[in-house]
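Numbering (numbering that gives the first Met the number 0), first residue to last: 0 to 163.
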Amino acid sequence: MDQNDDKAFIRKFSGIILGLIALTVVLIFLARSMMFESDIDANPSQGVMTEKRISPVSDVRVGEEGAAALAQAQAASAPAVVEITAAEVDGEQVYKGLCFSCHDAGVAGAPISGSEAMAIRVGEKGIDSVVASAINGLNVMPPRGGNPSLSDEEIRAAVEFMVK
Ligand code: HEC
0 MDQNDDKAFI
10 RKFSGIILGL
20 IALTVVLIFL
30 ARSMMFESDI
40 DANPSQGVMT
50 EKRISPVSDV
60 RVGEEGAAAL
70 AQAQAASAPA
80 VVEITAAEVD
90 GEQVYKGLCF
100 SCHDAGVAGA
110 PISGSEAMAI
120 RVGEKGIDSV
130 VASAINGLNV
140 MPPRGGNPSL
150 SDEEIRAAVE
160 FMVK
């Protein structure tokens, strides 16, 4: 190998290196332009959503505007009082919402709704007594059928529906 060979080699070699550097730069710009595109595709409501997530839970309002807002909020959060009178209670609805799950098929020995067994119980104990056991529970029969939010009136209406 003489010196000319070395020079030729170095020229070629640096040519390749330069080519690779140019390729790297091209790839970097390509990648950046793709990143820019995906930015455009980003969810346009992203900003609003972020704003919502980091916004404070409560606001402080003062003066007349504050008093009005407070009154409005209190009115909105006041529990709605629902007066249920006996006449409005729908026994069938209560039964079909819960009691049927055991009393249609006689699960765990539950007297089947509308059956003779049901009628005999009511006949022997009296309606008040079977209503009381439906309210308080009886062996496997859970108190109020398992829904403590049912009122006495609703239980009574359901029982009356069951013996019809
Ligand atoms: C998890 C099943 C189940 C559900 C739900 C259920 N019951 Fe019962 N119920 C029973 C069983 C079991 C008995 C029989 C209990 C016994 O005599 O030992 C029974 C008995 C009764 C009796 C007869 C009580 C007595 O004194 O003989 C009445 C009335 C009654 N259920 C009403 C209802 C009403 C009304 C509902 C719905 C609000 C309801 N049940 C929901 C299982 C259930």
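Each residue gets a CB set at the ideal place from its N, CA and C atoms; glycine is no exception.
(message) Could you check whether the Cβ of Val106 sits closer than 7 Å to any heavy atom belonging to the ligand HEC?
(response) Translated into positions along the sequence shown, residue 106 becomes position 107. It does: the Cβ of Val106 is within 7 Å (strictly closer) of some heavy atom of the ligand HEC.
(request) Please go through the same chain and pick out, in chain order, the residues whose beta-carbon is closer than 7 Å to the beta-carbon of Asn146, but skip the five residues on each side of it. (result) Within the sequence shown, the letter at position 147 stands for residue 146. Closer than 7 Å at the Cβ level, and outside the excluded window around Asn146, lie Leu97.
(request) Use the C-beta contact count for Pro110: other C-beta atoms within 10 angstroms, 16 or more gives buried, fewer gives exposed. (result) Counted from its first residue, the sequence shown places residue 110 at position 111. Pro110 counts as buried, since no fewer than 16 other beta carbons sit within 10 angstroms of its beta carbon.
(request) Inspect the CB distances between the region 150–162 and the region 125–132 and report whether three or more fall short of 8 Å. (result) With the cut-off at 8 Å, the region 150–162 and the region 125–132 touch.
(request) Whole angstroms is fine: what's the gap from Val25's alpha carbon to Phe12's? (result) Here residue 25 corresponds to residue number 26 of the sequence shown, with the count starting at 1. Here residue 12 corresponds to residue number 13 of the sequence shown, with the count starting at 1. Cα to Cα, Val25 sits roughly 20 Å from Phe12.
(request) Note down, in chain order, each residue of its chain lying with its Cβ closer than 7 Å to the Cβ of Gly90, except the 5 sequence neighbours on either side. (result) Sequence index remark: in the sequence shown, residue 90 carries index 91 (1-based). A distance below 7 Å between beta-carbons, with the five flanking residues on each side excluded, links Gly90 to the following residues of its chain, in chain order: Ala156, Ala157, Glu159, Phe160.
(request) Can you tell me which of Met140, Ala74, Ile20 puts its alpha carbon nearest to the alpha carbon of Phe99? (result) Along the sequence shown, read from residue 1 onward, the residue named residue 99 stands at position 100. Closest by alpha carbon: Met140.
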